[in-house]
Amino acid sequence: MKNKENLYASIPYVDKKVSRIFAGTAFSPIQDGADGTDFFEAALANGINAFDTARVYMEAEHSFGNWLEKSGRREEVVILSKCGHPDAMWNKRVNEKEMRKDLKKSLEELKTDYIDIYILHRDDPDIDVAVAVETFNAMHEEGSIGAFGASNWMHTRIEEANEYAYKHNLIPFSVSSPNFCLARQVEDPWGGGCVNISGPENQEARAWYEKNQMPVIAYASLGRGFFSGRMKSEYADHASDYLDSFAMTGYACSDNFERLRRCEIIAEKHGVTVAQIAMNWIFSHPLNIFAIASMSKADRMKANREALLLQLSDEEIAYLDLETPEFCG
């Protein structure tokens, strides 16, 4: 099967190499604003130079910005941040005023004058795509952002946005961040507007991404801890002891526990971890894939990096996808 033997790749409008794995910052104590020096330095030491954050990740941007200022390593890292998330009352905020408000605050918290990759956190299907395209282009022209795109946008909306950009000689969306992982997302974990491209029902979306080779920066790449290795397939009856409410809502179903069981079998065969098998499954697809993973320990960062080098067979992939009854290899 195809994998990504090189840890780094290029993303249009980002002038640095970008690690295939993004270190996520949406976890405690980073999002509580604590000193994240050990975490950020460990990521870089393990070859992970891309970091995922967002305006709504509590104090994550503040923690990251403090480290950036103190370390002086701004030009070594790639920052992805997000704007336009609905407010506390779930009012939609995909408009120029709110996008610029978020950008201003993010730049202040991150203690930088530009963000390498800037994306909308949610869509508002009621607004014209021109709003997002024009606003992002203005930010790019001002030098505040590099690449831009969307998280949780349907591929059809991204295509519509890019058709507008081409027609008006503007820069198109060049990245997308949907949910994509071995565990199918059976329900929206975060209250509305989440988009995932896993499972047979989303084959059309994956075909679009494969054809266009738009960078896909997959969030919840391990099913929000479902494939972390902490939870075993035999724990299905008391999974809430190991998974938070979001993971329970999004991923706790019988098919996913079967995927976990099969993942355990393949991991034992290769002498690796469940997380490494689940991570490699993502990179086995013919998409231009990057994966966001929240990993507080250096050994897990190293393991996720090494997962790119595994070689899973077509038979193993089919088995993990529940396409065959049992694995005989």
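Sequential numbering from 4 applies to the sequence shown in the numbering used here. We put the beta carbon where it would ideally sit given N, CA and C, even for glycine.
Strand pairing of residue i, partner residues [DSSP]
{"i": "residue 152", "result": "122, 178"}
{"i": "residue 24", "result": "294"}
{"i": "residue 85", "result": "122"}
{"i": "residue 199", "result": "182"}
{"i": "residue 55", "result": "27, 83"}
{"i": "residue 167", "result": "Bridge partners of residue 167: none, in fact."}
{"i": "residue 12", "result": "21"}
Delimiting residues of the alpha helix (DSSP H) encompassing residue i
{"i": "residue 260", "result": "257-273"}
{"i": "residue 206", "result": "206-215"}
{"i": "residue 277", "result": "277-286"}
{"i": "residue 304", "result": "301-310"}
{"i": "residue 65", "result": "63-74"}
{"i": "residue 229", "result": "It is not in any alpha helix (DSSP H) - residue 229 carries neither H nor E in the DSSP assignment."}
{"i": "residue 41", "result": "40-48"}
{"i": "residue 397", "result": "Because residue 397 is not part of the residues shown, which for the chain are 4 to 332, the question remains open."}
{"i": "residue 317", "result": "317-323"}
Closer than 8 Å to chain C by CB, residue i
{"i": "residue 326", "result": "Absent from the structure is chain C; it holds one protein chain and no more."}
Euclidean distance between Cα positions of residue i and residue j
{"i": "residue 45", "j": "residue 234", "result": "25 Å"}
{"i": "residue 19", "j": "residue 12", "result": "9 Å"}
{"i": "residue 154", "j": "residue 327", "result": "32 Å"}
{"i": "residue 160", "j": "residue 197", "result": "14 Å"}
{"i": "residue 212", "j": "residue 260", "result": "27 Å"}
{"i": "residue 306", "j": "residue 29", "result": "20 Å"}
{"i": "residue 4", "j": "residue 247", "result": "Because the pLDDT at residue 4 is just 42, under 50, the model does not fix this residue reliably, and the point stays unresolved."}
{"i": "residue 201", "j": "residue 117", "result": "32 Å"}
{"i": "residue 290", "j": "residue 210", "result": "9 Å"}
{"i": "residue 174", "j": "residue 245", "result": "43 Å"}
{"i": "residue 195", "j": "residue 42", "result": "31 Å"}
{"i": "residue 86", "j": "residue 107", "result": "10 Å"}
{"i": "residue 240", "j": "residue 140", "result": "50 Å"}
{"i": "residue 271", "j": "residue 36", "result": "38 Å"}
{"i": "residue 164", "j": "residue 268", "result": "43 Å"}
{"i": "residue 190", "j": "residue 252", "result": "6 Å"}
{"i": "residue 49", "j": "residue 32", "result": "20 Å"}
{"i": "residue 172", "j": "residue 123", "result": "21 Å"}
{"i": "residue 265", "j": "residue 192", "result": "24 Å"}
{"i": "residue 38", "j": "residue 70", "result": "7 Å"}
{"i": "residue 63", "j": "residue 57", "result": "8 Å"}
{"i": "residue 273", "j": "residue 102", "result": "46 Å"}
{"i": "residue 95", "j": "residue 177", "result": "23 Å"}
{"i": "residue 73", "j": "residue 302", "result": "24 Å"}
{"i": "residue 317", "j": "residue 288", "result": "11 Å"}
{"i": "residue 61", "j": "residue 112", "result": "11 Å"}
{"i": "residue 99", "j": "residue 158", "result": "22 Å"}
{"i": "residue 162", "j": "residue 66", "result": "35 Å"}
Check whether residue i and residue j have beta carbons under 8 Å apart
{"i": "residue 75", "j": "residue 114", "result": "no"}
{"i": "residue 125", "j": "residue 181", "result": "no"}
{"i": "residue 188", "j": "residue 199", "result": "yes"}
{"i": "residue 169", "j": "residue 133", "result": "no"}
{"i": "residue 127", "j": "residue 150", "result": "no"}
{"i": "residue 81", "j": "residue 17", "result": "yes"}
{"i": "residue 130", "j": "residue 97", "result": "yes"}
{"i": "residue 55", "j": "residue 83", "result": "yes"}
{"i": "residue 323", "j": "residue 262", "result": "yes"}
{"i": "residue 231", "j": "residue 27", "result": "no"}
{"i": "residue 109", "j": "residue 152", "result": "no"}
{"i": "residue 51", "j": "residue 282", "result": "no"}
{"i": "residue 224", "j": "residue 280", "result": "no"}
{"i": "residue 221", "j": "residue 294", "result": "yes"}
{"i": "residue 275", "j": "residue 313", "result": "yes"}
{"i": "residue 14", "j": "residue 218", "result": "yes"}
{"i": "residue 242", "j": "residue 226", "result": "no"}
{"i": "residue 121", "j": "residue 142", "result": "yes"}
{"i": "residue 47", "j": "residue 308", "result": "no"}
{"i": "residue 208", "j": "residue 254", "result": "no"}
Enclosing beta strand (DSSP E) for residue i [first to last residue]
{"i": "residue 221", "result": "219-221"}
Query raised in the report: Of all the alpha helix (DSSP H) runs that stay within the bounds of the stretch 91-145, which reach a length of 4 or more residues?
Result: 99-113, 132-144
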